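Have a look at the structure below, then the notes.
2 protein chains.
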Amino acid sequence: MMNHITVLGAGSWGTALATLLASKGLAVNLWARDAKFCAEIARDRENPRYLPGIKIPQEIKICADLPQALKKHQMIVLSVPSQSVREIAKAIKPYLSPETMIVNTAKGFETETLLRLSQVLCEELPTYCGEQIGVLSGPSHAEEVAVRLPTAVVVAANHQDVAETIQDTFMTPFFRVYTNMDLVGVEIAGALKNIIALGTGISDGLGYGDNTKAAMITRGLAEITRLGLILGAEAQTFAGLAGIGDLVVTCTSMHSRNRRAGIQIGQGHPIDQVLSKMGMVVEGVSTTRAAHALARKVGVSMPITEETYQVLFEGKEPVEAVTSLMSRCKTHEGEKEMLG
Amino acid sequence: MMNHITVLGAGSWGTALATLLASKGLAVNLWARDAKFCAEIARDRENPRYLPGIKIPQEIKICADLPQALKKHQMIVLSVPSQSVREIAKAIKPYLSPETMIVNTAKGFETETLLRLSQVLCEELPTYCGEQIGVLSGPSHAEEVAVRLPTAVVVAANHQDVAETIQDTFMTPFFRVYTNMDLVGVEIAGALKNIIALGTGISDGLGYGDNTKAAMITRGLAEITRLGLILGAEAQTFAGLAGIGDLVVTCTSMHSRNRRAGIQIGQGHPIDQVLSKMGMVVEGVSTTRAAHALARKVGVSMPITEETYQVLFEGKEPVEAVTSLMSRCKTHEGEKEMLG
Chain F
51 MMNHITVLGA
61 GSWGTALATL
71 LASKGLAVNL
81 WARDAKFCAE
91 IARDRENPRY
101 LPGIKIPQEI
111 KICADLPQAL
121 KKHQMIVLSV
131 PSQSVREIAK
141 AIKPYLSPET
151 MIVNTAKGFE
161 TETLLRLSQV
171 LCEELPTYCG
181 EQIGVLSGPS
191 HAEEVAVRLP
201 TAVVVAANHQ
211 DVAETIQDTF
221 MTPFFRVYTN
231 MDLVGVEIAG
241 ALKNIIALGT
251 GISDGLGYGD
261 NTKAAMITRG
271 LAEITRLGLI
281 LGAEAQTFAG
291 LAGIGDLVVT
301 CTSMHSRNRR
311 AGIQIGQGHP
321 IDQVLSKMGM
331 VVEGVSTTRA
341 AHALARKVGV
351 SMPITEETYQ
361 VLFEGKEPVE
371 AVTSLMSRCK
381 THEGEKEMLG
Chain G
51 MMNHITVLGA
61 GSWGTALATL
71 LASKGLAVNL
81 WARDAKFCAE
91 IARDRENPRY
101 LPGIKIPQEI
111 KICADLPQAL
121 KKHQMIVLSV
131 PSQSVREIAK
141 AIKPYLSPET
151 MIVNTAKGFE
161 TETLLRLSQV
171 LCEELPTYCG
181 EQIGVLSGPS
191 HAEEVAVRLP
201 TAVVVAANHQ
211 DVAETIQDTF
221 MTPFFRVYTN
231 MDLVGVEIAG
241 ALKNIIALGT
251 GISDGLGYGD
261 NTKAAMITRG
271 LAEITRLGLI
281 LGAEAQTFAG
291 LAGIGDLVVT
301 CTSMHSRNRR
311 AGIQIGQGHP
321 IDQVLSKMGM
331 VVEGVSTTRA
341 AHALARKVGV
351 SMPITEETYQ
361 VLFEGKEPVE
371 AVTSLMSRCK
381 THEGEKEMLG
């Protein structure tokens, strides 16, 4: 177990994880870029913007000064938007020690390079590449973890002992952490489910039902798995917590901002307005762009990703997108056309 | 396509399917045991008890007389509770023609024999065994099919041409029917998901969150698949509409009476009262008993089934059942103890 943890990013997930770690008696620093915001959280002991109603223990040190936040750290928890991971990696590099362990909790791809986020970290922090980097994923809405509702997640790393150290650090009776050695699969599943959440949200927003959504989740899992396998993931991961578990919670819970954004788009609100009003990054949007490019690059059929892409970036009417998904012509289950 | 269809059972699903078939211009007879109930539906052209608010077309002939309902039929759609399938099979036997095709839509096992329902039909109607029997399954709440929300289902049979005939008969632009040759898997997945719906309902009723439910769905799929594989099903079926699709919709939709029953049990209402008030058969209860026996017989670990069984039949406190599910000790994903 690591005793000194620095959490980078005071969004809902970073705040919930900092609180969880502090409840175990660990020394936790919570960093956010915005000094004014940090001062407010530190004063009020609450994060009203991202995790309202949850008391942040006095023991957590909150600051906007990176060197200070990283003093004495053994483990860094990254909870920043996926497109900021590279920038943060560059910023923290001077302050890392040879023992630093990094746990990424962001879910996405770097849009420009189409890299997984652990690959981005490896590029920027080659000393740590493949050795001391782990990923935390699975069905875990911050709002529920913050009030200690039973939650099960996975931590993936290339080395079993790294995964187990992270597991020990985060594990509580209500927050069960399972290790998984398929880092590629866990990252891909966690990123891609946000696309399906946007897509099923659009369907919900159009007034379609639970039957429609269940069909889309089923086919969504199939297309996510298809891309994952080609990129080197293991099939079993997609049947586990980081796969179907996270997909289901993201497509059905009102805590999911990707789903909520999809619902509003399906209801006909202008996309730009929906995204700017959300107040938090809707990761599924950049992930849709990245997955769309990846699917073309490796030649995989991803119909839900394709339709979501067309709605988000090419002005396709949501109702046309869902209709075309639900009326594909092949009719034997398991055929490529059906599953994808 | 078959032109003369008799639907046996005027519950919500039988009524919705009769309405769907009639909308295609097919000649549909709808039968229910209760003559008074039949007369009311026939007069009011609505089934207020099981499918309120949906107009039943004049073209559908509704009666409680079995020989009359089966006159001129080419296809029989069975929509009766699973424990009534054998009795109905005996009753219809004298009226079948050599060309009769039978489509079962009930989901469960026969509790006394632990047989799948197509096996029960084969025992009673050996002439049709393996030849003219199909099963319709997948995420399809009657309430949504009745208002034509886009729905995708599977039909399974031992012969491709039988599956395709059934597919042609039911297919509409909003009701997509996919064929699947894994009859065993489709039946097992459809039956067992009701157990997981009861279990996750109990968790919801206790006030646990979407994270908890997603973890239980993930592990539920694993234990259903495990039993299915030993009984001869194909793994792929559990990743499809009849598997994860139906599981998700049953565990998350308020249309699911198994889930609703679980919620009330989790809230502390006496089980007998919950089941009698439901007004419809809660299939998951008898299925839990059957699956519990099957799992012991073949030696498969099914923790959610086990805990649900103990709550339903052995007076275990719901909170203890969910707690013991969420605190199992193995911690590497994929290990039997975790998935089970």
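Line by line, the protein sequences give chains F and G. Converting from the first sequence to our numbering requires adding 50 to each position, the first position being numbered 1. Converting from the second sequence to our numbering requires adding 50 to each position, the first position being numbered 1. Ideal Cβ positions, reconstructed from N, Cα and C, are used throughout, including at glycine. Model, not experiment: these values are computed from the prediction.
Bridge partner(s) assigned by DSSP for residue i
{"i": "residue 166 of chain F", "result": "F:159"}
{"i": "residue 222 of chain F", "result": "F:225"}
{"i": "residue 54 of chain G", "result": "G:77"}
{"i": "residue 172 of chain G", "result": "Note: residue 172 of chain G sits in no beta bridge, so no partner."}
{"i": "residue 125 of chain G", "result": "G:55 and G:151"}
{"i": "residue 113 of chain F", "result": "F:81"}
{"i": "residue 230 of chain G", "result": "G:206"}
{"i": "residue 191 of chain F", "result": "Beta-bridge pairing links residue 191 of chain F to no other residue."}
{"i": "residue 382 of chain F", "result": "G:229"}
Classification of residue i by the beta-carbon crowding that lies within 10 angstroms, buried from 16 upward
{"i": "residue 211 of chain G", "result": "exposed"}
{"i": "residue 148 of chain F", "result": "exposed"}
{"i": "residue 333 of chain F", "result": "buried"}
{"i": "residue 249 of chain G", "result": "buried"}
{"i": "residue 151 of chain G", "result": "buried"}
{"i": "residue 76 of chain G", "result": "buried"}
{"i": "residue 52 of chain G", "result": "buried"}
{"i": "residue 213 of chain F", "result": "buried"}
{"i": "residue 391 of chain G", "result": "The question about residue 391 of chain G has no answer here: the residues shown for chain G are numbered 51 through 390."}
{"i": "residue 303 of chain G", "result": "buried"}
{"i": "residue 181 of chain G", "result": "exposed"}
{"i": "residue 341 of chain G", "result": "buried"}
{"i": "residue 454 of chain G", "result": "Since the first residue of chain G shown is 51 and the last is 390, residue 454 of chain G is not available in this structure."}
{"i": "residue 197 of chain G", "result": "exposed"}
Euclidean distance between Cα positions of residue i and residue j
{"i": "residue 166 of chain G", "j": "residue 238 of chain G", "result": "7 angstroms"}
{"i": "residue 26 of chain F", "j": "residue 120 of chain F", "result": "Missing from the structure shown is residue 26 of chain F; chain F here goes from 51 to 390 and no further."}
{"i": "residue 55 of chain F", "j": "residue 287 of chain F", "result": "28 angstroms"}
{"i": "residue 115 of chain F", "j": "residue 81 of chain F", "result": "7 angstroms"}
{"i": "residue 67 of chain G", "j": "residue 190 of chain G", "result": "11 angstroms"}
{"i": "residue 372 of chain G", "j": "residue 259 of chain G", "result": "12 angstroms"}
{"i": "residue 160 of chain G", "j": "residue 345 of chain G", "result": "15 angstroms"}
{"i": "residue 376 of chain G", "j": "residue 347 of chain G", "result": "25 angstroms"}
{"i": "residue 305 of chain F", "j": "residue 246 of chain F", "result": "15 angstroms"}
{"i": "residue 59 of chain F", "j": "residue 83 of chain F", "result": "8 angstroms"}
{"i": "residue 87 of chain G", "j": "residue 132 of chain G", "result": "21 angstroms"}
{"i": "residue 169 of chain F", "j": "residue 296 of chain F", "result": "22 angstroms"}
{"i": "residue 364 of chain G", "j": "residue 225 of chain F", "result": "29 angstroms"}
{"i": "residue 280 of chain G", "j": "residue 235 of chain F", "result": "27 angstroms"}
{"i": "residue 240 of chain G", "j": "residue 357 of chain F", "result": "30 angstroms"}
{"i": "residue 217 of chain F", "j": "residue 154 of chain F", "result": "13 angstroms"}
{"i": "residue 123 of chain F", "j": "residue 90 of chain F", "result": "23 angstroms"}
{"i": "residue 65 of chain G", "j": "residue 139 of chain G", "result": "20 angstroms"}
{"i": "residue 195 of chain F", "j": "residue 70 of chain F", "result": "8 angstroms"}
{"i": "residue 156 of chain F", "j": "residue 164 of chain F", "result": "15 angstroms"}
{"i": "residue 298 of chain F", "j": "residue 143 of chain G", "result": "43 angstroms"}
{"i": "residue 208 of chain G", "j": "residue 61 of chain F", "result": "53 angstroms"}
{"i": "residue 362 of chain G", "j": "residue 321 of chain G", "result": "7 angstroms"}
{"i": "residue 263 of chain G", "j": "residue 107 of chain G", "result": "39 angstroms"}
Endpoints, the beta strand (DSSP E) within which residue i is located
{"i": "residue 85 of chain F", "result": "Per DSSP, residue 85 of chain F belongs to no beta strand (DSSP E); it is in the alpha helix (DSSP H), 85-94."}
{"i": "residue 99 of chain F", "result": "Premise fails: residue 99 of chain F is in no beta strand (DSSP E) and is neither H nor E."}
{"i": "residue 187 of chain F", "result": "183-187"}
{"i": "residue 154 of chain F", "result": "151-154"}
{"i": "residue 205 of chain F", "result": "201-207"}
Run of the alpha helix (DSSP H) containing residue i, from where it starts to where it stops
{"i": "residue 372 of chain G", "result": "368-376"}
{"i": "residue 270 of chain F", "result": "260-280"}
{"i": "residue 342 of chain F", "result": "333-348"}
{"i": "residue 141 of chain G", "result": "135-142"}
{"i": "residue 106 of chain F", "result": "Looking at the DSSP string, residue 106 of chain F is not in any alpha helix (DSSP H), and its letter there is neither H nor E."}
{"i": "residue 326 of chain G", "result": "321-328"}
{"i": "residue 285 of chain G", "result": "285-288"}
Q.
For the pair the stretch 212-225 of chain G and the stretch 304-322 of chain G, tell me if three or more CB-CB distances fall below 8 angstroms.
A. Under the three-pair Cβ rule at 8 angstroms, the stretch 212-225 of chain G does not count as touching the stretch 304-322 of chain G.
Q) Three or more beta-carbon pairs under 8 angstroms between the stretch 95-102 of chain G and the stretch 119-134 of chain G, yes or no? A) Result no; under three Cβ-Cβ pairs closer than 8 angstroms.
Q. Are the stretch 173-192 of chain G and the stretch 260-274 of chain G in contact at 8 angstroms, needing three or more beta carbon pairs?
A. Inter-segment contact for the stretch 173-192 of chain G and the stretch 260-274 of chain G is absent: fewer than three beta-carbon pairs are separated by less than 8 angstroms.
Q) Any chance the stretch 272-292 of chain G sits against the stretch 227-242 of chain G, with 3 or more Cβ pairs inside 8 angstroms? A) Touching, per the Cβ criterion.
Q) How do the stretch 321-336 of chain G and the stretch 296-309 of chain G stand: do at least 3 beta-carbon pairs fall below 8 angstroms, yes or no? A) By the Cβ rule, the stretch 321-336 of chain G counts as touching the stretch 296-309 of chain G, because three or more pairs are nearer than 8 angstroms.
Q: Kindly confirm or deny that the stretch 192-203 of chain G and the stretch 159-174 of chain G touch, where touching means at least three C-beta pairs closer than 8 angstroms.
A: Contact between the stretch 192-203 of chain G and the stretch 159-174 of chain G is absent: fewer than 3 CB-CB pairs across the two stretches fall below 8 angstroms.
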